[in-house]
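Taking it in order: structure first as structure tokens, then the write-up.
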Amino acid sequence: MKLFNHPLIRLLFALCIVIVPFVLLQAMISGELGILLGILVSFIAYIFYVKFWEKRPVYELRITNKSDSVIYKYFGLNSAFSEFVIGLLMGTILICFLVGLLILLGQYHIVINKIKVNNVIPILINIGFYAGFVEELIFRGILFRLFEEWLGSWVAIFISGLVFGFAHYTNPNATIFTSIAIALEAGILLSAIFIITRRLWMVIGFHFAWNVVQGLVFSIPVSGHSIEGIFNINLTSNSNVWLSGGDFGLEASVFTLILLTSLGLAIVYSLEMKRKVFGINIMRIIFRKL
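The numbering used here applies: residue 14 is where the sequence shown begins, and numbers increase by one.
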């Protein structure tokens, strides 16, 4: 029985029980309805796995805080709602800052689109709900969490980030560089946000806002996927692919790479000082020496 409790075995089983129902539903029900039902079934499957295999409360998906007040319990600090909203704000502020910076540097210019109303919901579901909920459940809820339990926080950040980055390698206009960029900027920062609360809601909100504001609001390609949004942020004729991210989008910009990676490392470092990061002793010593 000890073998079945090993983090690697649990990781493989958790991935199967979450991904397989989602894929099957996509095959049976096409379009946005299939995605929404797939998200619901995947979360139910994950809760089932945690309760019956790991035999513990599903803390990472806890909805309420410990308040006795009904309103504060569901909407106050440390509730799923408040953490999701904080994540939304973080993602929105960062993407707006980067877009503004690149406009000032002459890499982008703005044109207002006449957005098709019937495009809004499909965009929200495909780049917002799918990426925010399914990807975070898989990469932070399963991969990062169980690798951390097995090998420590730093190794888990590296492995889950690398897998996350190269999961985008088959996207349009993707390259080795774009995959490494996502592994660093998103892999580190998203793991760091998860570590802050040890719950998924804040990192889901961040990922949701990052994709939706980038695509639906600014029409910037999201990880290589072209989106027609409200404001059409076009590359200028003299734009530099290293600065703008080119056809892959803002995530391939060196500014995004530097800002998000630095922010992620800063958060992890602060959590390390508070001993909220777990790892091999030698890695902890090396990091403190830097």
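C-beta: ideal position from N, C-alpha, C; glycine also.
DSSP beta-bridge partners of residue i
i	result
His238	Val235
Ile123	Ile246
Cut-off 7 Å between Cβ atoms - residues of its own chain near residue i, not counting five sequence neighbours on either side
i	result
Asn294	Bear in mind that a pLDDT of 46 at Asn294, under 50, signals an unreliable position, so the number given afterwards is only what the model happens to contain. Around Asn294: no qualifying Cβ.
Ile189	none
Leu118	Leu256
Gly290	According to the sequence as given, residue 290 is Val; it is not Gly. If we look at Val290 and ignore the five residues flanking it on each side, its Cβ neighbours are Ser166, Ile208, Val281, Leu284.
Phe94	Tyr87, Phe88
Leu50	Leu38, Ile42
Ser232	Asn126, Ile240, Glu241, Gly242, Phe244, Asn245, Ile246
Cut-off 8 Å between Cβ atoms - residues of its own chain near residue i, not counting five sequence neighbours on either side
i	result
Met41	Gly47
Thr274	Leu197, Glu198, Ile201, Leu202
Ile155	Leu24, Ala27, Leu28, Val31, Tyr59
Leu115	Tyr121, Leu256, Ser257, Leu263, Ser266, Phe268
Leu270	Ala194, Leu197, Glu198
Leu175	Ala196, Gly200
Residue i burial status per 10 Å Cβ neighbour count (16 or more: buried)
i	result
Pro185	exposed
Val216	buried
Tyr121	buried
Thr191	buried
Ser250	exposed
Arg153	buried
Met103	buried
Phe239	The sequence given here places Ser at residue 239; Phe does not occur at that position. Exposed: under 16 other Cβ atoms inside 10 Å.
Ala205	buried
His181	buried
Ala279	exposed
Phe110	exposed
Ile76	exposed
Contacts around residue i, its chain only, beta-carbon distance under 6 Å, and the 5 residues preceding and following it disregarded
i	result
Ile30	Ala58, Tyr62
Tyr143	Ile48
Leu101	Gly218, Ala222
Leu248	Ser257
Asn91	Asn78
Arg288	none
Gly145	Ile217, His220, Phe221
Thr20	It should be noted that the sequence gives Pro, not Thr, for residue 20. Hits under 6 Å: Leu159, Glu162, Trp163.
Phe97	Trp214, Gly218
Ser252	Gln120
Phe179	Ser192
Contact belief for residue i with residue j at Cβ below 8 Å, rounded distance in angstroms
i	j	result
Arg211	Tyr72	7 Å
Phe160	Ile151	So it is not a contact: roughly 12 Å between Cβ atoms.
Glu241	Pro135	About 11 Å; that fails the 8 Å criterion.
Val147	Ile84	Val147 to Ile84, Cβ: 30 Å. No contact.
Gly228	Ile123	Not confirmed; about 15 Å, so no contact.
Beta-carbon proximity of residue i to residue j, cut-off 8 Å
i	j	result
Ser266	Gly258	yes
Leu137	Val225	yes
Phe268	Gly237	no
Ile209	Val230	no
Ile246	Val133	no
Leu74	Glu149	no
Residue-chain proximity (residue i, chain C), Cβ-Cβ < 8 Å
i	result
Ala194	The chain labelled as chain C is not found in the depicted structure, where only one protein chain is given.
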